[in-house]
Amino acid sequence: MMNFVKAFHSIILMRNFLKKLALLDELLLLEIEFGNYLEAAEIAMMKGDILLEADFLGKAGKFREASLHILFYVLANSLWSYGRKGWPIQQFSQKEELLSKAKSFAKNETKSFYELVCTEVDILLNEQSNLALTKIS
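The sequence shown begins at 8 in the numbering used here and counts up one residue at a time.
Written out as structure tokens, the structure reads:
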């Protein structure tokens with residue numbers, strides 16, 4: 008079917024057709040093929056895949072947004088994973104890898120934003136952290 012869609016005269020027509028049929032996976036592949044990473048991020052958001060959205064935001068040069076998406080994802084999964092009631096912060100399998108990725112995206116932003124992300128990462132990684140002792144510089 009994608010050969011049929013690619014025969015359309017413009018990407019707008021292709022997008023509209025695939026959206027109308029709710030073929031988000033095919034639409035995502037099409038946007039990646041054309042290098043439209045912001046549009047791919049929007050499709051990932053429509054699919055509810057926050058991490059995929061963050062990846063595409065990073066590819067599109069939206070490093071601040073990508074970093075924040077990852078931090079919010081990690082925070083939510085650390086506090087409210089299945090069966091949890093919130094505090095204390097819990098570990099999960101991808102946590103360190105994701106936080107490292109958030110820091111790498113933040114390096115492409117301002118120094119103050121990078122420092123903020125590093126502070127957040129330190130808090131999220133240290134499950135025994137006493138938040139009252141955490142300094143804000």
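Here a beta-carbon is modelled for each residue, glycine too, at the ideal position from N, C-alpha and C.
When the beta-carbon positions are compared, residue 64 and residue 73 come within less than 8 Å of each other. Counting only the Cα atoms, residue 24 lies some 40 Å from residue 117.
Using a 10 angstroms sphere on the CB of residue 37, the tally of other CB atoms reaches 16 or more, which defines it as buried. Counting other Cβ atoms within 10 Å of its Cβ, residue 99 stays below 16 and is therefore classed as exposed.
About 15 Å separates the Cβ atoms of residue 61 and residue 39, ruling out a contact at the 8 Å cut-off.
Here residue 45 carries a helix assignment [DSSP, helix/strand/coil]. Residue 69 carries a coil assignment under DSSP once its states are collapsed to helix, strand and coil. The continuous alpha helix (DSSP H) containing residue 126 extends over residues 118-132.
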